[in-house]
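Worksheet: one structure, shown below.
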Amino acid sequence: MIYSVSSFRFQVNNLKLETFLMSPSLSIVIPAYNEAARLGESLRIVFEYLNKQRPETEVIVVDDGSSDNTADVAEKSFEGRGGVDAELIRVRENRGKGYVVRKGLLAARAPVALFTDADLSTPITETPKLIAPIERGEYDLTFGSRALDRSLIGVHQPWRREQGGRVFNLIVRLATGLPFWDTQCGFKAFRLNVCRPILEAATIDRFGFDVELIFLAYLAQLSLKETPVRWNHNEGSKVSVARDSWRMFNEVRLIRRRARAGLYDEAIAAARTGAKDRERELHTSAPPSTDKGTQRRVASSFKADA
3 MIYSVSSFRF
13 QVNNLKLETF
23 LMSPSLSIVI
33 PAYNEAARLG
43 ESLRIVFEYL
53 NKQRPETEVI
63 VVDDGSSDNT
73 ADVAEKSFEG
83 RGGVDAELIR
93 VRENRGKGYV
103 VRKGLLAARA
113 PVALFTDADL
123 STPITETPKL
133 IAPIERGEYD
143 LTFGSRALDR
153 SLIGVHQPWR
163 REQGGRVFNL
173 IVRLATGLPF
183 WDTQCGFKAF
193 RLNVCRPILE
203 AATIDRFGFD
213 VELIFLAYLA
223 QLSLKETPVR
233 WNHNEGSKVS
243 VARDSWRMFN
253 EVRLIRRRAR
263 AGLYDEAIAA
273 ARTGAKDRER
283 ELHTSAPPST
293 DKGTQRRVAS
303 SFKADA
């Protein structure tokens, strides 16, 4: 049996059943695919920040079937975690970013979880921008945006890729009715007791998974907040404009079809119920970032078109 209090662990009888005497207040999930070259430095930065600002955090690295020594680098880096708890989850075969992000979020022990890209394109110091509104009871899902304040972009993507991202987000808005300008920034936070049904129901394993999660949360009339964050382009991205654009467009079409067929209805209803229960418990009247009337109309339109 494995017990964990902060970063202290000891094992009894080699049993896999885990009992935790102290749970973290925040989980940070880092998906990693062939990130051996930069993961070590990223984890050093993350652990240094968390030990100073929020040691009651767990960091979950999910290795997406890497062909390099990403997992070994992660385990070696855990030696410098200080008071922060850390866990490595290995996926045997490459399944895609969406799959491993969901796997990490569903394994999280904290009530609030954030995922961030392994290259830390959004600095880990931006974490409070997403976490604080959730912990205050104001929002269920918050996500970073490069579109709301482009002055926060330190290093831009190549022109072609940046314009492709703008076109994709415009198509997402037109196809789904979402009012947001950047669904693809790899920096998102979730109130897990409300968002868990959506995470469990999501099916998109590749780069369109962000759209699916935000779309389902929107249909469930959860409180969503798009937040401008600092961001820097790093070379070595796994996304190819030529290879992945059509795949992502097709994934958006698939999300629409599944919604119209009612395949998400059970998860949407469960998330909506969880959000209402949370509002009653917290006695909060904080307004969401999106208009509930618009959300209801979008949800109704998909049912009408089914």
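According to my numbering, the sequence shown holds residues 3 to 308 in order.
Positions of the beta carbon are idealized from the N, C-alpha and C atoms, including for glycine.
Does DSSP put residue 77 in a helix, a strand or coil? helix
Between the C-alpha atoms of residue 33 and residue 279, what's the straight-line distance to the nearest angstrom? The alpha-carbon atoms of residue 33 and residue 279 are separated by roughly 31 Å.
N- and C-terminal bounds of the alpha helix (DSSP H) containing residue 106: 99-109
Close Cβ partners of residue 135 (< 7 Å) along its chain, the five nearest in sequence each way excluded: 141, 144, 227
I'd like the span of the alpha helix (DSSP H) that includes residue 196, first residue to last. 194-203
Cα-Cα separation, residue 163 to residue 252: Near 18 Å, if we compare the C-alpha coordinates of residue 252 and residue 163.
According to DSSP, simplified to helix, strand and coil, what is residue 122? Residue state, collapsed to three classes: coil.
What are the complete alpha helix (DSSP H) segments, minimum 4 residues, inside the region 21-75? Taking only runs of at least 4 residues, the alpha helix (DSSP H) segments lying wholly in the region 21-75 are 38-55.
Reference residue 139; option with closest CA among 259, 261, 206, 224: 224
Return the CA-CA distance between residue 236 and residue 179, expressed in angstroms with no decimal places. 31 Å
Is there contact here, the region 97-108 with the region 197-210, by at least three beta-carbon pairs under 8 Å? yes
For the beta strand (DSSP E) that residue 219 lies in, which residues bound it at each end? First-last for residue 219: 211-221, but that is the alpha helix (DSSP H), not the beta strand (DSSP E).
Cβ shell of residue 71 (< 6 Å), same chain only, five flanking positions each side left out: 38
State the beta-bridge partners of residue 144 as determined by DSSP. 191, 227
Residue 196 versus residue 104: straight-line alpha-carbon distance, rounded: 14 Å
Do the region 114-125 and the region 208-222 meet, that is, are 3 or more Cβ pairs less than 8 Å apart? no
Residue 229: buried (16+ other C-beta within 10 angstroms of its C-beta) or exposed? Around the beta-carbon of residue 229, 16 or more other beta-carbon atoms lie within 10 Å, marking it buried.
Reduced DSSP category for residue 92 - H, G, I as helix; E, B as strand; rest coil: strand
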